[in-house]
Amino acid sequence: MSLPAKFDELIHPPTRLAIVSLLAATEWADFKFIRDEIGLSDSALSKQLTTLEGAGYIEIRKSFVGKRPRTSAQLTKTGRDAFGSHVAALQEIVERAGATVLPR
Amino acid sequence: MNTHPDEAGAALASIQSRQAQVIRASSVPSWYWWAVAAGMVVIGGATDTRRPLVLGIAIPLAAICIAGLTVAMIFGTGRGARIKSDELLGGRGALLIVGFVWLIIAITLGLGFGLKAAGTPEPATIATAAGGLVLALSGPAVTRRLNQIMLGNRAGLSNRVGLTNPEQAQ
Chain A
1 MSLPAKFDEL
11 IHPPTRLAIV
21 SLLAATEWAD
31 FKFIRDEIGL
41 SDSALSKQLT
51 TLEGAGYIEI
61 RKSFVGKRPR
71 TSAQLTKTGR
81 DAFGSHVAAL
91 QEIVERAGAT
101 VLPR
Chain B
1001 MNTHPDEAGA
1011 ALASIQSRQA
1021 QVIRASSVPS
1031 WYWWAVAAGM
1041 VVIGGATDTR
1051 RPLVLGIAIP
1061 LAAICIAGLT
1071 VAMIFGTGRG
1081 ARIKSDELLG
1091 GRGALLIVGF
1101 VWLIIAITLG
1111 LGFGLKAAGT
1121 PEPATIATAA
1131 GGLVLALSGP
1141 AVTRRLNQIM
1151 LGNRAGLSNR
1161 VGLTNPEQAQ
């Protein structure tokens, strides 16, 4: 079943789009993994994750591996649906312009 | 919303690129295949000794190591993320994994029983070394094929607007 197209202003900014795109391909991802893959500072990533968590798009889990704290994030169903709808909206915009999207 | 088509296209390309990045970063490392191959040879070598103490220690230990490593790969332990394999691998990916496992088992057991019937010394060691070598050499190709399948099934992206798989396009 395809999701209805709905442009999401919260997801669209490049940094948050990068985080949500990455999480959409995973069950969960460690804070460190997201930080390193996207190339953000700890504080910048924390800020973006807090915004996404506040919207109910992600769930942040804190645990300990031995004595080391470990933080991981996963997309919630709400977040996954919002991402799918946002992608559909982007695709509609491109389709209306009669273009196709080819990766660089 | 007043998003220009170019901006929307760039956002879609960025999504594809990020998802390809996470699939590559989370893929099975080459050393995993060699580690499993080494475990197979330990089992084969122990089998040929026919000593109960060696059989009782080496085989369970190697089996636990192989199983532990495999579970760690499936759950993404140590790699920082677990790929959404149910959506990304799909039926084709699952078939490829099962087929590859059965191929290695068939090569190893077939060769082992064949060598034993021919009276060759150390048949289990030779068979597991051969099976392990096939595993270690072809494992990275299986990983690449699985990555291609996952790139084609990327979460959240449909194929209806000409989105293409960059690895297949190359």
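Protein sequence lines, in the order shown, are assigned to chains A and B.
Going by the numbering used here, the first residue of the first sequence is number 1, and it counts up by one from there.
Going by the numbering used here, the first residue of the second sequence is number 1001, and it counts up by one from there.
Positions of the beta carbon are idealized from the N, C-alpha and C atoms, including for glycine.
Query, Result
"For Glu59 of chain A, three-class secondary structure by DSSP", "strand"
"Residue interval of the alpha helix (DSSP H) (run including Ser1085 of chain B)", "1085 to 1117"
"Contact with chain A by Gly1080 of chain B, beta-carbon distance below 7 Å", "yes"
"Chain A contact for Thr1003 of chain B (CB, 7 Å cutoff)", "yes"
"Reduced DSSP secondary structure (H/G/I, E/B, other) of Ser85 of chain A", "helix"
"Any chain B beta carbon closer than 7 Å to Glu53 of chain A", "no"
"Nearest-angstrom Cβ-Cβ length linking Ile60 of chain A and Pro1005 of chain B, presumed shorter than 8 Å", "Wrong, their Cβ atoms sit about 35 Å apart, outside the cutoff."
"Where Glu53 of chain A sits in the DSSP three-state scheme", "helix"
"DSSP state of Arg1082 of chain B mapped onto helix, strand, coil", "strand"
"Opening and closing residue of the alpha helix (DSSP H) in which Thr15 of chain A lies", "14 to 24"
"Contact belief for Ser1014 of chain B with Leu17 of chain A at Cβ below 8 Å, rounded distance in angstroms", "6 Å"
"Option nearest Leu1135 of chain B by Cα separation, candidates B:Leu1061, B:Ala1037, B:Leu1096", "B:Ala1037"
"Neighbourhood of Pro4 of chain A by C-beta distance below 8 Å, restricted to the same chain and skipping five residues each side", "Ser85, Ala88"
"Contact between the region 1043 to 1054 of chain B and the region 54 to 69 of chain A (3+ Cβ pairs under 8 Å)", "no"
"Proximity test, Cβ basis, 7 Å: Asn1159 of chain B and chain A", "Only weak support exists for where Asn1159 of chain B lies, its pLDDT of 43 falling under 50; the value from the coordinates is given anyway. So, not an interface residue."
"Alpha carbon of Ala1129 of chain B to alpha carbon of Leu1137 of chain B, nearest angstrom", "12 Å"
"Local conformation of Glu1167 of chain B per DSSP, three classes", "No answer about Glu1167 of chain B holds up, because its pLDDT of 44 lies below 50 and its placement is not dependable."
"Within chain B, the residues that Phe33 of chain A reaches when beta carbons sit closer than 7 Å", "Gly1080, Ala1081"
"Within chain A, partners of Ser1014 of chain B - CB distance below 8 Å", "Pro14, Leu17, Ala18, Ser21"
"Own chain residues within Cβ distance below 7 Å of Ala1046 of chain B, not counting five before or after", "Val1054, Leu1055, Ala1058, Ile1059"
"For Asp42 of chain A, the three-state DSSP class (helix, strand or coil)", "helix"
"DSSP-derived helix/strand/coil call for Asp30 of chain A", "strand"
"Residues within the region 1005 to 1037 of chain B neighbouring chain A, beta-carbon criterion of under 7 Å", "Pro1005, Ala1008, Gly1009, Ala1011, Leu1012, Ala1013, Ser1014, Ile1015, Gln1016, Ser1017, Arg1018, Gln1019, Gln1021, Val1022, Ile1023, Ala1025"
"Contacting positions in the region 53 to 76 of chain A - beta carbon closer than 7 Å to chain B", "none"
"Cutoff 7 Å: Asp81 of chain A Cβ touching any chain B Cβ", "no"
"Beta-carbon spacing of Ile1023 of chain B, Asn1153 of chain B below 7 Å", "no"
"Gln1168 of chain B at chain A interface by Cβ criterion, 7 Å", "Here the model assigns Gln1168 of chain B a pLDDT of 42, short of 50, so the residue's position is not dependable, and the following value carries that caveat. No, its Cβ sits nowhere closer than 7 Å to a Cβ of chain A."
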